[in-house]
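Peer 1: Below you will find the structure I want to go over with you.
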Amino acid sequence: MASEYDIIDPRGDMLLLVGEYAGQFHTRLVKIEQNHPLFLTPETHDETNAADDVTEQPIRISNAYRLESNMSVSFALANEVPENPSNELVRVGNNPPASHITQAKIRVSSKHLSFASRFFQEKFSIKERSNQEDILPPCFNNLGALYVLLNTIHCRARNVPRHISLETLCMLSILVEEYECLEAVEAFAETWMLNLSESVPRTFNNDVGRWLYIGLVFRNKALFHLMTRIAIRESPGPVPTFGLPVPSSLIGHIEHLRQCKVDSIVVSLYERMEYLLDHGGCCRACDTMLVGSMMLQLKPREIFPPPQAPYEGLSVEHLLRVVSGMQEPRCMELFHQQTGCPAIGCALMPATRLLLRRVDNETTGLDLEWFLSL
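Numbering (my numbering), first residue to last: 26 to 399.
Following this line, the structure appears as structure tokens:
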């Protein structure tokens, strides 16, 4: 007889119902009573696939179980993320309303869930809460990631893929944070991140926010430090997170550091220019050349007229590069011998060059332990 649900634990005492409503996934746990046929006729548990096979095939719940003829338990999520995940998900139930579609029914064990997850431990400890429906974050859109997590929590290692896509890893990060189950998946997370190491950004791009969230959730100090360093130095504005629940305090702090570093360089440049205009240097001819040279070099670098906070489009790395590349004027060669000016005071921006070196040395990534302690 075909089963109407997917199997994670063949002797599990709960059904996890997953539905979709208004674009968000909802979950609810239903107790399987002791006299229910599911308890009376347990089937054998088949785990014939080796771990390496999982990396090349969709995740499959035990071969001894099948959904109704038009429903497959295969989820090609480990390596691919569908463009429209909602069209790929398993649907069960007898024609549920379009406004609330049941995506899956999954047999699970409350003992495994509560042992691995503080979220479920607290949920099962309060009777009223155990019957409540839970809503996953709006950005969660990959039901297959839930299967990966449940297989991991239930110690079904052979059904846990070793190679997954970046998008699936992001979805898993959401679930791990939501269910507070880092310790249960930590070993697999190291493998997933290692196998995706070639795609970790070395310069700023749209994936920095994703990897920043992954590093934070899985407590990877090196990854978190690298992503925050890239974000602070190379982002031209607030780091995009694409809906991932990255703490706003973290994004705000990174943006604050970026703006402060950019502001210090811009202020230093224009303080030098104002000083030359108000007080002068060694002589009027040299001052004119210095101010003119600064304007002519700042203009094509898009730093003249002076940019204003929040300095959208300006990164610290960009400013360090273009400002340090500004050429010194030829005052010494053209004027000093004829006018007898002293050989001091004609550097284009001496204080700014010192500042550039200091900013370059000081602008680095954040310490994960420090951030978690805030």
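The beta carbon of each residue, even a glycine, is placed where N, CA and C say it ideally should be.
Could you have a look at Met351 and say whether DSSP puts it in helix, strand or coil?
Peer 2: The answer is coil: DSSP assigns Met351 none of H, G, I, E or B.
Peer 1: Is the beta carbon of Ile257 sitting closer than 9 Å to the one on Thr388?
Peer 2: In this structure, Thr388 lies closer than 9 Å to Ile257 by Cβ.
Peer 1: Does chain D have any CB closer than 9 Å to the CB of Asn167?
Peer 2: Here chain D cannot be found, since the structure has a single protein chain.
Peer 1: Should Asp34 be labelled buried (16 or more other beta-carbon atoms within 10 Å of its own) or exposed?
Peer 2: Classification of Asp34: buried, given that the 10 Å Cβ count is 16 or more.
Peer 1: Do you know how far the Cα of Arg254 is from the Cα of Arg227?
Peer 2: If you take the alpha carbons of Arg227 and Arg254, they lie about 10 Å apart.
Peer 1: Tell me, to the nearest whole angstrom, how far the beta carbon of Val185 is from that of Val201; I am working on the premise that it is less than 8 Å.
Peer 2: At roughly 14 Å, the Cβ-Cβ gap does not stay under 8 Å, so Val185 and Val201 are not in contact.
Peer 1: Restricting to Cα atoms, I'd like to know which of Phe267, Leu168 and His304 is closest to Leu41.
Peer 2: Checked all of Phe267, Leu168 and His304; the closest Cα to Leu41 is Leu168.
Peer 1: Which term fits Ala214, buried or exposed, when burial requires 16 or more other beta carbons within 10 angstroms of its beta carbon?
Peer 2: Per the 10 Å Cβ criterion, buried.
Peer 1: What three-state label does DSSP hand Tyr336 in the structure shown?
Peer 2: Of the three classes helix, strand and coil, the one that applies to Tyr336 here is coil, per DSSP.
Peer 1: May I ask you to report which of helix, strand or coil DSSP gives Val242?
Peer 2: Three-state DSSP puts Val242 in a helix.
Peer 1: Among the residues of its own chain, which have a CB less than 8 Å from the CB of Val161, if the five just before and after it don't count?
Peer 2: Here residue 161 is Leu; the residue named in the question, Val, does not match the sequence. The answer, listed in chain order, is Gln49, Phe50, His51, Thr52, Ile199, Leu200 and Glu203.
Peer 1: Rounding to the nearest angstrom, what Cα-Cα distance links Cys371 and Gly262 in this structure?
Peer 2: Their Cα atoms are separated by approximately 35 Å.
Peer 1: Do you know how far the Cα of Asn245 is from the Cα of Arg326?
Peer 2: Taking the straight line joining both Cα atoms gives about 37 Å.
Peer 1: For the alpha helix (DSSP H) containing Val55, list its first residue and its last residue.
Peer 2: That residue, Val55, is in no alpha helix (DSSP H); its beta strand (DSSP E) goes Gln49 to Lys56.
Peer 1: Can you have a look at Phe140 and say buried or exposed, based on whether 16 or more other CB atoms are within 10 angstroms of its CB?
Peer 2: Exposed, by the Cβ-count rule.
Peer 1: Note down, in chain order, each residue of its chain lying with its Cβ closer than 7 Å to the Cβ of Asn205, except the 5 sequence neighbours on either side.
Peer 2: One detail in the question is off: residue 205 reads as Glu in this sequence, not Asn. Counting only Cβ-Cβ distances below 7 Å, and skipping sequence neighbours, we find Ser142, Arg143 and Phe144.
Peer 1: Expressed to the nearest angstrom, what Euclidean distance is found between the alpha-carbon atoms of Ser135 and Met39?
Peer 2: The alpha-carbon atoms of Ser135 and Met39 are separated by roughly 6 Å.
Peer 1: Out of curiosity, what's the CA-to-CA distance linking Leu393 and Pro265?
Peer 2: One C-alpha to the other measures close to 20 Å.
Peer 1: Along the beta strand (DSSP E) that carries Leu373, what are the first and last residues, could you check?
Peer 2: Taken as a continuous stretch (DSSP letters only), Leu373 belongs to no beta strand (DSSP E), as it is neither H nor E.
Peer 1: Quick one: residues in its chain with C-beta nearer than 6 Å to the C-beta of Val347, no 5 flanking neighbours on either side, listed in chain order?
Peer 2: Correct list, in chain order: Arg326.
Peer 1: Quick one: does the C-beta of Glu387 sit closer than 8 Å to a heavy atom of the ligand NAP?
Peer 2: In the structure shown, the ligand NAP is absent, as is every other ligand, since no ligand is present at all.
Peer 1: Output needed for Leu207: all residues of its chain with C-beta closer than 6 Å, excluding positions within five of it in sequence on either side, in chain order.
Peer 2: Result list for Leu207: Val201, in chain order.
Peer 1: Quick one: what's got a C-beta closer than 8 Å to Pro270's C-beta in the same chain, skipping five residues either side?
Peer 2: Here the set comprises Pro162, Cys164, Ile199, Glu202 and Tyr238.
Peer 1: Under 7 Å Cβ to Cβ from Leu301, same chain only, skipping five residues before and after it: list those, please.
Peer 2: Result list for Leu301: Asp312, Leu315 and Val316, in chain order.
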